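Chains as they are written, first to last, in UniProt numbering: chain A, 1 to 406; chain B, 1 to 406. Glycine residues also receive a C-beta, built at the ideal position from the N, C-alpha and C atoms. Nothing here was measured: the structure is a model prediction, and the numbers come from that model.
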DNA sequence: TAGCCTAATTTTAAGTCGCAAACTAACTTG
DNA sequence: CAAGTTAGTTTGCGACTTAAAATTAGGCTA
């Protein structure tokens with residue numbers, strides 16, 4: 001409630017964070033360049049980077065000639081400073097991946113688990129974590145990001161609501177703790193972590209206002225406003241898939257009707273195709289191959305082509321709603337179905353977006369396909385502890401108190 | 001581009017801003033209480049408030065006993081420190097209103113002007129301004145907020161796109177300057193200023209994530225995220241009225257079809273009613289009385305009742321989209337038509353909202369009617385220079401440089 | 001009315017911070 | 001190897017917030 005005061009020490013933390021983040025995202029830089037980018041004086045840069053180097057967060061990385069003067073010493077974030085783990089909790093199993101601070105994958109394990117009992121999942125996460133972390137000193141693991149397919153209520157401990165898993169108010173964070181994990185945990189919605197991955201390493205790089213629209217079995221979006229993923233009051237913002245696009249239209253699994261997901265989600269697409277063909281029982285082996293073969297079929301089948309074109313229309317209108325409401329500078333279309341559709345029907349989607357957007361916001365935005373596949377969910381999750389590190393400028397495990405330089 | 005560095009002076013500015021804002025919004029407070037709320041030490045509070053008092057921004061306002069000790073001296077923002085002007089540019093005329101810093105209206109003028117030629121509007125604003133400001137010393141006017149019914153492209157000078165006025169890329173700010181106004185100008189979309197008014201003085205008070213949904217002839221929304229009106233890349237965010245709610249539905253004046261505005265905007269409601277009755281030519285004297293009499297008619301006419309109930313349904317679905325996307329803690333329904341509908345069909349709107357929202361975000365939000373009428377647009381505009389004052393902690397006319405205490 | 005008590009402000013004495021200016025370091029050139 | 005350049009450090013200072021000590025300002029008591 002009290003608008004946190006600002007003390008003189010916050011200055012240092014903030015500048016530390018700024019420099020560290022600049023180094024992280026813009027690769028090796030000299031102190032000089034760092035000063036230019038951050039606006040800080042050379043003296044301060046020198047001072048702060050000195051601390052960062054002393055703490056082991058930053059290391060020197062060769063040097064570069066500077067025509068006719070002292071060569072610049074390049075600095076970069078020390079990839080070996082620590083490790084982070086990303087966990088992707090999916091509907092059929094979980095993936096656990098270990099990265100260093102350079103976001104290089106060092107290890108990964110995958111476990112299937114159909115009956116998604118929360119306790120088993122928590123235990124599976126704990127054991128996967130133990131497996132993956134085995135190769136590195138325990139003390140170097142800075143935190144664990146956990147992506148779940150549902151909304152996450154952030155609070156003293158994260159609570160998960162995931163309809164597709166049948167979870168309603170599952171205290172996942174506590175459960176993982178009970179399974180014996182003592183590391184900092186960051187539980188977040190999978191669409192948001194994937195969006196974060198696109199922002200850091202994919203099609204969203206460099207932009208500050210982005211909407212990452214994800215279409216797969218489910219439909220969701222990660223809204224990035226001013227560089228940060230927007231969460232809303234209880235961090236369930238961005239539920240694009242269940243916005244109404246056809247009032248009174250197709251029933252949706254969420255219980256409502258006319259949701260975007262009921263039209264452009266994989267199940268919705270396939271079901272619409274079945275109905276268009278008149279047949280009712282062609283259970284595709286799985287959704288992903290079902291959509292693939294539908295796209296194949298469009299080459300020869302008019303019905304298939306029409307269904308997909310309609311899909312592009314709905315999708316464009318859905319994207320246009322995001323354009324009108326958020327006025328982003330960039331839209332990134334991702335998710336496996338989104339990428340598949342985007343590859344074959346990009347123009348049509350763009351056209352539909354244009355025709356349903358107001359001219360002005362439409363002209364300010366560009367539409368791009370995501371550069372990362374659905375695998376990005378785990379990397380995105382792993383960025384959460386890294387983001388905490390960059391944000392605080394220090395090991396997120398340390399309590400935020402007097403640094404007390406020894 | 002460079003992530004603005006933080007210097008030790010920013011600290012002071014920020015703390016000054018915090019204290020000033022706290023005083024502005026939370027009424028007279030003692031230095032003690034101020035320290036408690038801001039987290040600042042008593043010493044700093046004393047120091048900063050001393051400056052504020054010296055600058056005339058804050059004045060003492062009586063004192064309060066404190067059981068058995070030195071009584072607390074109350075401080076409050078000095079309403080007489082300066083004046084601000086709010087301008088409401090409407091489709092048929094403009095309103096210019098003068099306020100003191102306590103937001104008490106001191107003067108107001110209204111001019112009609114049907115042919116909305118931008119140059120005449122600019123001149124009308126300039127002359128209205130002169131009229132209204134006549135009673136106070138010129139040097140006390142801190143700035144002028146100007147609300148327009150269209151999107152505003154913020155930049156070195158604001159550009160206005162207002163379809164209903166036939167404006168497309170009108171450099172209104174420059175034009176007003178050319179008309180001889182030298183004061184700081186803040187041009188903003190009218191929905192956003194009205195939203196700001198509800199946030200400061202109306203149904204949005206105290207909340208940080210709010211969507212103010214405005215339904216009148218047009219339909220728009222002001223989205224407040226973390227206490228500030230969200231603007232997007234080029235500040236045209238929040239165009240709720242032109243989001244698609246019925247894919248392939250009624251044509252909208254924006255050129256698209258199925259927009260929310262085509263269903264719940266006044267014109268849309270009345271037109272749907274005409275069609276439902278089969279008659280085509282009952283040109284209501286004006287939209288506002290048309291909607292009023294439609295609501296009257298609903299008591300006896302089944303058709304009228306049905307149209308309004310359907311309207312409540314569409315509106316609820318539209319609100320649900322905002323709930324799903326933004327996860328606000330509060331929804332404020334306003335605008336003249338929104339208030340009229342809300343008064344008679346509140347339950348139905350809420351029901352429709354619930355049935356189209358995901359359960360979790362719906363449960364986190366509350367829906368309330370706006371407390372301010374459409375008159376609030378001008379007050380909202382007037383808050384813009386005040387916001388600049390609170391934000392900077394100093395007269396917004398002064399360049400932001402060394403304070404150099406004399 | 002003098003003296004005591006309590007609680008609100010102000011002063012005072014550190015301890016931090018970023019900055020400009022003055023230096024030092026490390027090369028290139030002629 | 002002296003002069004010229006560019007990178008990075010050190011030094012001294014002004015600006016800040018804070019904790020602690022000192023100073024009000026009423027209310028009460030004797």
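As assigned by DSSP and simplified to three states, the class of residue 449 of chain A
Outside the shown range of chain A (1 to 406) lies residue 449 of chain A, about which nothing can therefore be said.
From the DSSP output, in three-state form, read off residue 78 of chain B for me.
coil
Inter-residue Cα distance where the pair is residue 43 of chain A and residue 60 of chain A:
18 Å
Among B:93, B:160, B:180, B:265, which one has its Cα closest to the Cα of residue 220 of chain B?
Of the residues B:93, B:160, B:180, B:265, the one whose Cα lies closest to the Cα of residue 220 of chain B is B:265.
In terms of residues, what are the limits of the alpha helix (DSSP H) holding residue 132 of chain A?
In the DSSP assignment, residue 132 of chain A falls within the unbroken alpha helix (DSSP H) covering 118-133.
Exposed or buried, what is residue 47 of chain A when buried is set at 16 or more other beta-carbons lying within 10 Å of its beta-carbon?
exposed
Can you tell me the Cα-Cα spacing of residue 250 of chain A and residue 98 of chain A, whole angstroms?
42 Å
Pick helix, strand or coil for residue 143 of chain A, following the three-state DSSP scheme.
strand
State yes or no: is the C-beta of residue 324 of chain B within less than 8 Å of the C-beta of residue 234 of chain A?
no
Going by other Cβ atoms of all chains shown within 10 Å of its Cβ, with 16 needed for buried, is residue 216 of chain A buried or exposed?
Label assigned to residue 216 of chain A: buried.
Distance, Cα to Cα, residue 244 of chain B vs residue 354 of chain A?
12 Å
Determine the closest residue to residue 340 of chain B out of B:293, B:81, B:126, B:188, with distance taken between C-alpha atoms.
B:293
Interface flag, residue 274 of chain A vs chain B, CB-CB below 8 Å:
no
Per the contact definition of three or more C-beta pairs closer than 8 Å, is the stretch 70-89 of chain B in contact with the stretch 16-32 of chain B?
yes
To the nearest angstrom, how far is it from the Cα of residue 178 of chain B to the Cα of residue 38 of chain A?
Those two C-alpha atoms are separated by around 38 Å.
Taking the alpha-carbon of residue 198 of chain A as reference, which of A:388, A:268, A:17, A:377 has the nearest alpha-carbon?
A:377
Reduced DSSP secondary structure (H/G/I, E/B, other) of residue 245 of chain B:
coil
Residue environment, residue 227 of chain A, which counts as buried when at least 16 other CB atoms sit within 10 Å:
Exposed.
Give a yes or no on whether 8 Å exceeds the smallest Cβ distance from residue 198 of chain B to chain A.
no
Tell me, please, whether the stretch 105-121 of chain A touches the stretch 346-360 of chain A by the rule of three or more beta-carbon pairs shorter than 8 Å.
no
From this set, B:389, B:345, B:359, B:383, which residue's C-alpha is nearest residue 368 of chain B's C-alpha?
B:345
Is it true that the CB of residue 383 of chain B sits closer than 8 Å to the CB of residue 478 of chain A?
The displayed coordinates of chain A run from 1 to 406. Any statement about residue 478 of chain A would go beyond what the structure contains.
Using DSSP's beta-bridge definition, name the partner residues of residue 259 of chain A.
A:244
Chain-ordered chain A contacts of residue 240 of chain B [CB-CB under 7 Å]:
325
In angstroms with no decimal places, state the Cα-to-Cα distance between residue 386 of chain B and residue 11 of chain B.
Straight-line Cα distance between these residues: approximately 21 Å.
For residue 317 of chain B, which residues in chain A fall below 8 Å Cβ to Cβ?
244, 247, 258
Where residue 26 of chain B falls, given that 16 or more other Cβ within 10 Å makes a residue buried
exposed
Mind reading off the beta-carbon distance from residue 161 of chain A to residue 169 of chain A? Whole number of angstroms is fine, and I expect it under 8 Å.
6 Å
Mapping DSSP to helix, strand and coil, what is residue 47 of chain B?
Assigned with DSSP and collapsed to three states, residue 47 of chain B falls in helix.
Check whether the stretch 131-148 of chain A and the stretch 87-106 of chain A touch, using three or more Cβ-Cβ pairs below 8 Å as the test.
Contact between the stretch 131-148 of chain A and the stretch 87-106 of chain A is established, with three or more Cβ pairs separated by less than 8 Å.
Count the other CB atoms within 10 Å of the CB of residue 132 of chain A; is the residue buried (16 or more) or exposed (fewer)?
buried
Is there at least one Cβ from chain A nearer than 8 Å to residue 329 of chain B's Cβ?
yes
Output, in chain order, the set of chain B residues within a Cβ distance shorter than 7 Å of residue 14 of chain A.
6
Quick check on residue 236 of chain A - is its C-beta less than 8 Å from some C-beta in chain B?
For residue 236 of chain A, the closest Cβ of chain B is nearer than 8 Å.
Have a look at residue 276 of chain B and residue 306 of chain B and give me their C-alpha separation to the nearest angstrom.
Taking the straight line joining both Cα atoms gives about 9 Å.
Name the DSSP beta bridge partners of residue 99 of chain A, please?
A:84, A:105
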